[in-house]
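**Q** Every position in the sequence shown, counted from 1, becomes a number in the working numbering once 63 is added.
All C-beta atoms, glycine included, are put in the ideal place defined by N, C-alpha and C.
From a predicted model like this one, the values you see are computed outputs, not experimental measurements.
Pasting a structure below so you can have a look.
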Amino acid sequence: MNQLDRITQNPAVMGGKPCLRGMRVTVGMVLGQIASGQTMEQVLVDYPYLEREDIVQALRYAAWRSEEREFALAA
């Protein structure tokens, strides 16, 4: 899927978690910052070696993965 060409997985890097461009920055780390209220610009300051498209693809990846399974939410 070329829309996610910046998302990589390698068992030797961060235990195989999805990372950005083979770096030791996981999709989850970036999503955690966005979820806690940081803007893309703030994330880019924290991780100056990332690019805006890395964050966009991390969000796309999370959206894609969330559509993979159905699960019940606690009421």
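#1: Name the two residues that bound the continuous alpha helix (DSSP H) containing Glu104.
#2: Return helix, strand or coil for Leu113, following the three-state DSSP convention.
#3: Using a 10 Å radius around the Cβ and a threshold of 16 neighbouring Cβ atoms, would you call Asp117 buried or exposed?
#4: Between Thr71 and the rest of its own chain, which residues show a CB-CB distance below 6 Å, the 5 nearest in sequence each way excluded?
#5: Buried or exposed: where does Ala13 fall if 16 or more other Cβ atoms within 10 Å of its Cβ makes it buried?
**A** Taking the definition as stated:
#1: Residues Met103 to Asp109.
#2: Correct three-state label for Leu113: coil.
#3: In summary, Asp117 is buried, with 16 or more beta-carbon neighbours lying within 10 Å of its beta-carbon over all protein chains present.
#4: So the qualifying residues of the chain are Cys82 and Gly85.
#5: Coverage of the chain is limited to positions 64 through 138, which leaves residue 13 absent and any answer about it impossible.
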